[in-house]
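Presented below is the structure to which this report refers.
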Amino acid sequence: MTPSRPYLLRGLYEWIVDNDLTPHLLVNAEADEVMAPREFAEGGQLVLNVSPSAVRGLSLANDAIAFEARFGGVPQNVYVPVAQVLAIYARENGRGMIFTAEDGDGTPPDDGPGSGSGNDGGGGRPGLRVVK
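Written out as structure tokens, the structure reads:
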């Protein structure tokens, strides 16, 4: 299946804006593919205000989020692969969603069907097998 993260991002963005709140993205600023002003990052993470009044040309595509914004009064183009978005939330109340690594890549987890003998006693999902 295709990753659900871009669809969730678009839906949550629309929901936040429709409620007259300010959508913020939490981004992994250490990823090489991220094109954003890293001097504003803290702890390897960058918070981006993506409200309609703060950005121009916002594109919420399946593979990346792109827009132009001002940082310290200087306009800059921002490009963030969807897989590097860690969360989307409303600034005013914190409502939104935090994403895990599994949400973004579209591949099943390692303990999915056909990945082992079924139940190995580990902490993953339980394995099922047909008993006749």
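Per UniProt numbering, the very first residue in the sequence shown carries number 1; after that it's consecutive. Heads up, the beta-carbon is just placed ideally off N, CA and C, and yes, glycines get one too.
With contacts defined as CB atoms closer than 9 Å, A66 and N77 qualify as a contacting pair. Here A83 is actually not in contact with M97; their C-beta atoms are around 15 Å apart, not less than 8 Å.
Around the beta carbon of R56, fewer than 16 other beta carbons sit within 10 angstroms, so the residue counts as exposed. Residue nearest to N28 within the set T100, R91, V17 is T100 (criterion: CA-CA distance).
A direct Cα-to-Cα measurement between N93 and I16 gives close to 10 Å. When the Cα atoms are used, L8 and V130 turn out to be separated by approximately 35 Å. Proximity to V85 across K132, A64, A69 peaks at A64, based on C-alpha coordinates. For D32, the closest C-alpha among the options R95, D20, P81 is that of P81. DSSP links I65 through a beta bridge to L60, V80. Under the DSSP assignment, V27 falls in the beta strand (DSSP E) whose first and last residues are 23 to 28. Around the beta carbon of V74, fewer than 16 other beta carbons sit within 10 angstroms, so the residue counts as exposed.
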